[in-house]
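Let me begin by presenting the structure, written as structure tokens, before commenting on it.
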Amino acid sequence: MSQTIVIVGAIAGGATTAAQLRRMDDVSHIILLDQNEEIAVSTCGLPYYIGDVVESRDDLYMNGKDFAEHFNVDVRTGTKVTGIDRSKHEVSVTSQDEKDTIHYDKLILSPGATASVPPLDGINMERTFTLHDLEDMDKMDAFIRGKDPQNVVIVGASFVGLEMAENLVARGLKCTMVDRSSSVFKLLDPDMGALIQDHLEEKGVDVLLEEGLESFSNDGKTVHLSSGKQLEADMTILAVGIKQNTALAEAADLEIGSTGGIKTNQHMQTNDDNIYAIGDSVEIPDAKTGTPRHVALAGPAHRQAFIVASHIAGEGYPYGGTIGTGILKAFDLDAGATGLNSAALDDLGRDYSSATLEAASHASYFPGAEPLTLKMLFDTENGEIYGGQVVGKDGVDKRLAVFATAVKAGMSVTDLTELEIGYAPPYSGPKDPINIIAYKAQAKLVR
16 MSQTIVIVGA IAGGATTAAQ LRRMDDVSHI ILLDQNEEIA VSTCGLPYYI
66 GDVVESRDDL YMNGKDFAEH FNVDVRTGTK VTGIDRSKHE VSVTSQDEKD
116 TIHYDKLILS PGATASVPPL DGINMERTFT LHDLEDMDKM DAFIRGKDPQ
166 NVVIVGASFV GLEMAENLVA RGLKCTMVDR SSSVFKLLDP DMGALIQDHL
216 EEKGVDVLLE EGLESFSNDG KTVHLSSGKQ LEADMTILAV GIKQNTALAE
266 AADLEIGSTG GIKTNQHMQT NDDNIYAIGD SVEIPDAKTG TPRHVALAGP
316 AHRQAFIVAS HIAGEGYPYG GTIGTGILKA FDLDAGATGL NSAALDDLGR
366 DYSSATLEAA SHASYFPGAE PLTLKMLFDT ENGEIYGGQV VGKDGVDKRL
416 AVFATAVKAG MSVTDLTELE IGYAPPYSGP KDPINIIAYK AQAKLVR
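In our numbering, each residue carries its 1-based index in the sequence shown increased by 15.
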């Protein structure tokens with residue numbers, strides 16, 4: 016049956032939903048709306064364009080620039096959705112100062128989020144930047160090329176901040192990183208985050224923790240911190256989080272959850288069965304605990320796109336929640352985490368223990384072996400694995416994938432002792448680090 020399916024937001028989640036819908040449904044009219052002129056962008060690649068790792072801007076587009084033709088989707092850029100009339104099944108839009116309405120049978124909201132910019136005294140947005148979309152990227156790149164800055168202050172030590180440190184150093188800038196927390200990359204426990212901090216400092220990045228950004232002066236060139244310390248910077252990067260774009264949903268009386276995201280069910284439907292929501296703007300359950308979470312990661316967004324498309328197409332796979340698996344590259348180190356870390360388990364009041372292992376990425380006698388640190392958190396009595404963390408120069412993604420599978424599947428530490436991971440000297444040891452840390456954890460179980 017042919018339907019009119021309207022998707023609001025066309026950067027990642029919305030574009031992925033449109034593509035998935037077309038694979039499942041070759042007759043419905045799919046309308047993809049975005050207020051910007053560019054769609055289907057891999058925003059995770061933005062830091063690497065700044066660092067000249069991604070050489071062509073066009074490489075950041077999914078399916079190149081022919082998305083509309085490739086998927087037979089009615090793409091309308093420069094079109095802002097200003098309202099939703101749920102009773103009429105219409106969205107109000109503005110395009111080039113002209114107002115119109117568009118009918119929908121099904122509506123999918125993928126409005127994303129906006130980079131947070133604190134209202135600080137003295138801020139100069141000509142030399143202060145966020146990195147959330149192509150416009151941000153182009154502005155930052157033009158400033159670096161045109162003004163030749165020598166030093167930068169990066170506020171925030173999570174995904175964007177850490178990736179920008181590496182890529183700005185590659186562009187020749189001296190970096191200072193500032194964060195209010197006591198450790199970097201808070202997906203990790205502090206002992207694991209310390210490994211990244213040490214590596215940053217080895218690479219010449221000054222890391223100032225338990226320091227907040229208070230204000231600017233001197234036309235934005237002087238950065239004032241909460242301790243009273245002052246830093247001189249030719250440019251400042253704000254990587255202090257995001258704000259979900261929920262205004263459109265709120266105005267339509269769609270339910271907002273406790274995390275500030277749009278509340279959805281297992282099919283990503285809102286409290287209106289004909290309206291779905293996905294991506295950075297939604298609240299989703301933790302797969303282990305069922306508690307509401309806001310997880311702004313590409314993996315869950317792409318899974319949600321499939322869930323929505325399949326439900327509209329009549330197949331109806333349920334969304335099982337997220338375990339929040341994340342990984343990043345910080346210079347020569349890779350770092351990743353999945354499931355619940357110590358802070359989350361403490362907040363939940365769980366009785367848990369942990370095991371930590373320093374190992375080699377593959378057989379130590381084989382050339383290229385690198386140090387690898389693993390940490391696993393697990394139930395003290397039954398050994399159920401709550402979370403895993405890995406930091407190293409090689410083999411991190413492989414072990415993180417095993418941890419993620421174990422967390423999602425509800426496996427125990429004993430299960431991991433029995434796991435057969437492919438062995439040859441270039442790849443592992445006869446007992447993989449995953450097996451070894453599982454043995455360590457097993458020895459800690461309450462008998």
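All residues carry an ideal CB built from backbone N, CA and C; glycine is no exception. These numbers come from a predicted model, not from an experiment.
Same chain, Cβ closer than 7 Å to residue i, neighbours up to 5 away in sequence not counted
i, result
"Y367", "L360, L392, F393, D394, T395 and Y401"
"S125", "I22, V23, G24, G28, G29, T32, I293 and G294"
"A302", "G335, G336, T337, I338 and K423"
"L188", "P164, Q165, N166 and V167"
"V42", "S17"
"V323", "T32, I123, M283, Y291 and I293"
"A267", "I99 and R101"
"K258", "A128, T129 and S131"
"K218", "V184 and F346"
"E216", "V222"
Residue range of the alpha helix (DSSP H) that includes residue i
i, result
"R318", "A313 to I327"
"K413", "V411 to A424"
"V428", "V428 to T432"
"V106", "Premise fails: V106 lies in the beta strand (DSSP E), E105 to S110, not in any alpha helix (DSSP H)."
"S33", "As written in the sequence, residue 33 is Ala, which differs from the Ser given in the question. Per DSSP, A33 belongs to the alpha helix (DSSP H) from G28 to M39."
"L177", "F174 to A185"
"S161", "Contrary to the premise, residue 161 reads as Gly rather than Ser in this sequence. Where G161 is concerned, the enclosing alpha helix (DSSP H) stretches over L149 to K162."
"S357", "S357 to L363"
"P448", "P448 to Q457"
Beta-carbon separation (whole angstroms), residue i vs residue j, contact threshold 8 Å
i, j, result
"I277", "V297", "5 Å"
"T191", "V168", "5 Å"
"V106", "L47", "So it is not a contact: roughly 12 Å between Cβ atoms."
"S230", "D288", "Their Cβ separation, rounded to whole angstroms, is 48 Å, which puts S230 and D288 out of contact at 8 Å."
"K390", "Q404", "4 Å"
"G425", "E399", "6 Å"
"N286", "E270", "5 Å"
"A419", "T304", "With a Cβ gap of about 16 Å, A419 and T304 do not count as contacting."
"M179", "P62", "5 Å"
"L224", "S196", "6 Å"
"I54", "I20", "16 Å between Cβ atoms; not a contact."
"I65", "D156", "6 Å"
Strand pairing of residue i, partner residues [DSSP]
i, result
"G219", "Answer is none; G219 lacks a bridge partner."
"V167", "C190 and M250"
"Q259", "A128"
"M391", "A370 and G403"
"Q245", "H239"
"F144", "I252"
"D462", "According to the sequence provided, residue 462 is Arg. The question's Asp does not apply to it. Per DSSP, none; premise fails for R462."
"Y291", "I123 and Q284"
"A375", "P386"
Beta-carbon contacts of residue i that lie in its chain and below 8 Å, excluding the five residues immediately before and after
i, result
"V68", "N182 and A185"
"I211", "L177, V199, F200, L203, A345, L348, A350 and V406"
"Q245", "T237, V238 and H239"
"H326", "H282, M283, Q284, Y291 and Y332"
"Y438", "G444, P445 and D447"
"S110", "R91, G93, T94 and K95"
Beta carbon proximity, residue i to chain B, threshold 8 Å
i, result
"V132", "Among the chains in the structure shown there is no chain B, since it carries only a single protein chain."
Bounding residues of the beta strand (DSSP E) (the contiguous stretch that carries residue i)
i, result
"S230", "L228 to S232"
"T94", "T94 to D100"
"E113", "E113 to H118"
"T19", "T19 to V23"
"D287", "First-last for D287: undefined, no H or E at that position."
"E298", "V297 to P300"
"R91", "D89 to R91"
"K408", "No beta strand (DSSP E) holds K408; DSSP gives it neither H nor E."
"G354", "L348 to G354"
"K344", "G341 to A345"
Contact set for residue i: own chain, Cβ-Cβ below 6 Å, skip 5 residues either direction
i, result
"L75", "V56, S57 and G60"
"G208", "S198, V199 and F200"
"P315", "T337"
"A378", "P440 and G444"
"T371", "K390"
"S273", "P307"
"T145", "A130, D151 and L253"
"S357", "D204"
"A328", "M39 and D40"
"Q35", "A320, F321 and A324"
"Y442", "H377"
"T116", "E105 and S107"
"D120", "Q18 and T19"
Closer than 7 Å: residue i CB and nearest the ligand FAD heavy atom
i, result
"Q18", "The ligand FAD is absent from the structure shown, which contains no ligand whatsoever."
Query - Whole runs of the alpha helix (DSSP H) within the stretch 48-87, excluding any shorter than 4 residues - result: 61-65 and 82-86
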